[in-house]
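Trainee:
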Amino acid sequence: MTKIKFIILVMFLHAGLYAQAISMDKIGENIETSIPKILKGKNLQIVEDIYKKTGYKPLWVGKVNKVKTSQLIQALNDPLFNYKNKSFDQKAIKKLYFMLDNNSITPQKKLLVHARLDLMLTNSMVRLVRFIVEGDVDWNLVQKKLVTLKETDDVRADWEMSPKAFPNHDQLINAIVNGNIHSYLNSLIPMEKRYKKLITLLKNYRVMDKFPKISYSKSPMALGDWNIRVSEVKKRLQISGDFPKNAKLSWKFDKTLENAVKTYQKRYLLEANGKVDNIMISYLNQPVKKNIQSIITNLDKTKLYGKSFEPEHIELNIPDFNLRFYRNHQKIAKMGIVVGRQDRPTPIFSDKITYMVINPTWTVTDNLIKRDLIPILKEQPDYLETHNFKVFSGKKEVEVNYEMLEEYMTSKKRVPYRFVQYPGDSNALGRVKFMFPNKYSVYLHDTDNKTLLERRYKLYSSGCVRVDRPFDLVDLILQNSRKSYTKEQIQEILDTNKPKTISLKKAIPIHILYFTVYEEDGLAYFKNDIYSYDKIIEESVPYNKKSTFTLPKRTMRPVKNNVLIPGE
1 MTKIKFIILV MFLHAGLYAQ AISMDKIGEN IETSIPKILK GKNLQIVEDI YKKTGYKPLW
61 VGKVNKVKTS QLIQALNDPL FNYKNKSFDQ KAIKKLYFML DNNSITPQKK LLVHARLDLM
121 LTNSMVRLVR FIVEGDVDWN LVQKKLVTLK ETDDVRADWE MSPKAFPNHD QLINAIVNGN
181 IHSYLNSLIP MEKRYKKLIT LLKNYRVMDK FPKISYSKSP MALGDWNIRV SEVKKRLQIS
241 GDFPKNAKLS WKFDKTLENA VKTYQKRYLL EANGKVDNIM ISYLNQPVKK NIQSIITNLD
301 KTKLYGKSFE PEHIELNIPD FNLRFYRNHQ KIAKMGIVVG RQDRPTPIFS DKITYMVINP
361 TWTVTDNLIK RDLIPILKEQ PDYLETHNFK VFSGKKEVEV NYEMLEEYMT SKKRVPYRFV
421 QYPGDSNALG RVKFMFPNKY SVYLHDTDNK TLLERRYKLY SSGCVRVDRP FDLVDLILQN
481 SRKSYTKEQI QEILDTNKPK TISLKKAIPI HILYFTVYEE DGLAYFKNDI YSYDKIIEES
541 VPYNKKSTFT LPKRTMRPVK NNVLIPGE
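Here the sequence shown is numbered in the UniProt record's numbering, starting from 1 and rising by one per residue.
Structural data, given as structure tokens:
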């Protein structure tokens with residue numbers, strides 16, 4: 001609804017219709033008989049329950065209800081609650097106000113219109129509550145598409161979703177009766193801190209000027225250059241807030257512009273070299289509506305979570321390749337992570353870290369034996385020996401080769417051997433793993449290949465998550481261990497080269513997330529939809545619903561299987 005229309009509607013709320021001497025009891029009688037005639041669908045029972053528990057009294061019409069009705073109309077038009085600008089019956093409501101303002105209708109007709117208006121306002125409140133809590137994404141369809149990826153692309157895409165149910169009716173009724181509309185709706189907002197930051201971003205991007213197009217060039221623009229395209233870049237970055245508003249839009253590529261370019265590159269995970277090449281220009285030339293859609297999709301994802309996470313917890317955000325450790329709801333550590341490849345995505349779910357292992361062994365899963373290890377043995381017959389593996393049949397150590405294992409590559413039968421990599425510098429898990437036992441067989445761990453953590457796009461695992469600075473994480477987690485350990489004692493354990501399990505007296509919640517847009521330290525970050533999950537969600541809403549999804553082949557990154565990578 002436009003601002004002008006909203007003002008007109010509010011004027012009706014304060015017009016003479018509330019001063020009319022109309023029996024509230026008679027309006028209530030009309031409400032009771034009108035409910036099944038006017039309302040249909042999943043909201044009917046909820047609206048009926050609201051009126052039944054309030055004695056079928058009018059909840060919105062009449063002088064006594066004027067203030068809270070204004071609150072409701074305001075909430076229906078507030079992007080904090082209605083970020084998709086949904087109508088929520090406002091056209092029908094406005095029409096009813098026009099009818100009441102028309103003195104030509106009969107008193108009996110006015111009773112019916114008042115009853116209908118009250119019902120429509122209650123229904124709009126219910127619809128708004130449902131949108132805040134549940135959203136409008138068909139999460140069952142999203143899950144169906146994720147499952148289909150296994151059949152069409154051999155990609156196991158796991159995302160444990162817990163869409164929320166409609167909230168307690170009594171709390172809703174209490175808010176309506178007492179006129180606590182805004183505070184009640186605010187209490188329903190999911191992931192409140194993240195959500196409100198996204199709403200602020202959405203408001204900012206909706207009022208941004210149109211992004212000007214910048215022409216491509218054979219060579220990148222850099223510090224010291226002088227041409228008209230430099231001023232175009234300054235203007236574009238000024239609109240998005242990366243270049244100072246009051247700075248001159250000269251043709252000179254100065255230090256101020258270089259810093260602005262680096263800020264933009266950081267926000268979009270581009271190479272932060274301060275140069276404007278054609279890759280960056282392709283990002284700059286994307287329309288602002290793409291940013292707006294990305295923000296909306298990430299707001300939709302908040303519906304899958306509660307008001308907030310635990311005071312102490314760990315978050316892994318897959319698209320930005322970072323782990324964040326929170327204590328007392330404050331971020332106290334941040335470190336890079338390597339996540340699952342696009343064809344072996346890290347599952348999205350929540351769990352609790354209950355123990356960690358120093359000098360871990362690694363037992364290769366049956367899936368990885370078939371997909372990776374057997375092909376490696378064909379090319380590198382001595383791989384097991386050079387990488388500190390032992391093979392067991394039951395408890396007995398045995399020797400195997402490619403010829404013995406080849407038949408299992410395409411078989412549904414389990415490989416009848418256990419492949420165990422012993423502790424050491426060549427162990428794929430590195431020197432420590434953090435365990436939150438789950439059905440996906442994934443966990444956090446150190447790595448024997450630190451160079452992977454230096455890359456911008458850290459998509460190299462088979463589902464497990466490699467952690468930069470793992471022993472910084474050990475120090476944080478040790479505060480929850482059953483027994484206290486000094487750094488010297490941890491080093492002594494490492495020197496033994498033998499596995500040591502450290503149990504936690506208090507489990508630490510861990511949440512694996514998929515947010516491609518977020519605000520942090522005053523900057524808005526837009527990350528690539530590396531698993532195409534945002535695209536799936538965008539095609540699972542009422543106005544853009546598609547029954548199937550095809551994974552873009554161009555997004556797949558080939559990986560050489562010359563080394564085993566932990567995962568399922």
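We treat Cβ as the ideally placed atom computed from N, Cα and C, and that holds for glycine.
Give the list of continuous beta strand (DSSP E) stretches no shorter than 3 residues that lie fully inside the segment 390 to 445.
Mentor: 396 to 398, 418 to 421, 432 to 435
Trainee: Which word fits isoleucine 7, buried or exposed, when buried means at least 16 other C-beta atoms lie within 10 angstroms of its C-beta?
Mentor: Reliability fails at isoleucine 7, whose pLDDT of 48 lies under 50, so the model's placement of it is uncertain and the value that follows must be treated cautiously. A residue is called buried once 16 or more other Cβ atoms fall within 10 Å of its Cβ, and isoleucine 7, having fewer, is exposed.
Trainee: Please state whether DSSP places tryptophan 362 in a helix, a strand or coil.
Mentor: strand
Trainee: Anyone know if the C-beta pair for isoleucine 38 and arginine 116 falls short of 8 Å?
Mentor: yes
Trainee: Taking 8 Å as the threshold (C-beta atoms), are isoleucine 50 and threonine 122 in contact?
Mentor: yes
Trainee: Let me know the beta strand (DSSP E) ranges lying completely inside the segment 288 to 335, each 3 residues or longer, listed in chain order.
Mentor: 313 to 317, 322 to 327
Trainee: If you draw a straight line from the alpha carbon of proline 558 to that of glutamine 342, how long is it in whole angstroms?
Mentor: Its pLDDT being 46, under 50, proline 558 is placed unreliably in this model, and the coordinates cannot settle the point.
Trainee: Contact defined as beta carbons within less than 8 Å: I believe threonine 346 pairs with isoleucine 508. What is the distance between those atoms, to the nearest angstrom?
Mentor: Here threonine 346 is actually not in contact with isoleucine 508; their C-beta atoms are around 18 Å apart, not less than 8 Å.
Trainee: Can the beta-carbon of tyrosine 422 be found closer than 8 Å to that of threonine 496?
Mentor: With contacts defined by Cβ atoms closer than 8 Å, tyrosine 422 and threonine 496 do not form a contacting pair.
Trainee: Going by the CB atoms, is the gap between threonine 302 and methionine 191 shorter than 8 Å?
Mentor: yes
Trainee: Pick out whichever of Tyr402, Pro416, Ile376, Met409 has its Cα sitting closest to the Cα of lysine 395.
Mentor: Pro416
Trainee: Is the separation between the beta-carbon of proline 381 and that of tyrosine 408 shorter than 8 Å?
Mentor: The Cβ atoms of proline 381 and tyrosine 408 do not sit closer than 8 Å to each other.
Trainee: By alpha-carbon positions, which one of Ser187, Thr365, Ser350, Pro287 ends up nearest to methionine 208?
Mentor: Pro287
Trainee: Just to confirm the assignment: which complete alpha helix (DSSP H) runs, minimum length 4, are found wholly within the segment 144 to 214?
Mentor: The segment 144 to 214 contains these whole alpha helix (DSSP H) runs: 169 to 178, 181 to 187, 192 to 206.
Trainee: With DSSP run on the structure shown, which of helix, strand or coil describes leucine 111?
Mentor: helix
Trainee: Quick one: what's got a C-beta closer than 8 Å to tyrosine 56's C-beta in the same chain, skipping five residues either side?
Mentor: If we look at tyrosine 56 and ignore the five residues flanking it on each side, its Cβ neighbours are Gly28, Glu29, Ile31, Glu32.
Trainee: Give, in chain order, every unbroken run of the alpha helix (DSSP H) that is at least 4 residues long and sits entirely within the segment 15 to 72.
Mentor: List check, alpha helix (DSSP H) in window: 24 to 38, 44 to 53.
Trainee: Which value, in whole angstroms, describes the spacing of the CA atoms of aspartate 372 and glutamate 160?
Mentor: 26 Å
Trainee: Do histidine 182 and glutamine 71 come within 8 Å of each other at the CB atom, strictly closer than that value?
Mentor: yes
Trainee: Glutamine 265 by DSSP, collapsed to three states: which one?
Mentor: helix
Trainee: Taking Cβ positions, are proline 319 and lysine 527 nearer each other than 8 Å?
Mentor: For the 8 Å CB-CB criterion, proline 319 and lysine 527 form a contact.
Trainee: Count the other C-beta atoms from every protein chain shown that fall within 10 angstroms of the C-beta of asparagine 102, then say buried if there are 16 or more, exposed otherwise.
Mentor: Counting of Cβ neighbours within 10 angstroms places asparagine 102 among the exposed residues, the total staying below 16.
Trainee: Who are the near neighbours of histidine 14 in its chain, counting only those whose CB is closer than 6 Å to its CB and skipping five residues on each side?
Mentor: Bear in mind that a pLDDT of 48 at histidine 14, under 50, signals an unreliable position, so the number given afterwards is only what the model happens to contain. For histidine 14, where only same-chain residues beyond five positions count, there are no Cβ hits under 6 Å.
Trainee: Ordered along the chain, which non-local residues of its own chain (more than five positions away) have a Cβ less than 8 Å from that of isoleucine 292?
Mentor: Leu202, Tyr205, Arg206
Trainee: Could you give the DSSP three-state label for serine 231: helix, strand or coil?
Mentor: It is helical.
Trainee: Could you pull the DSSP bridge partners for leucine 100 from this structure?
Mentor: DSSP lists no beta-bridge partner residue for leucine 100.
Trainee: Can the beta-carbon of serine 217 be found closer than 8 Å to that of arginine 229?
Mentor: yes
Trainee: Considering Cα atoms alone, identify which of Ala157, Ser104, Ala165 is closest to isoleucine 132.
Mentor: Distance from the Cα of isoleucine 132 is smallest, within the candidate group Ala157, Ser104, Ala165, for Ala165.
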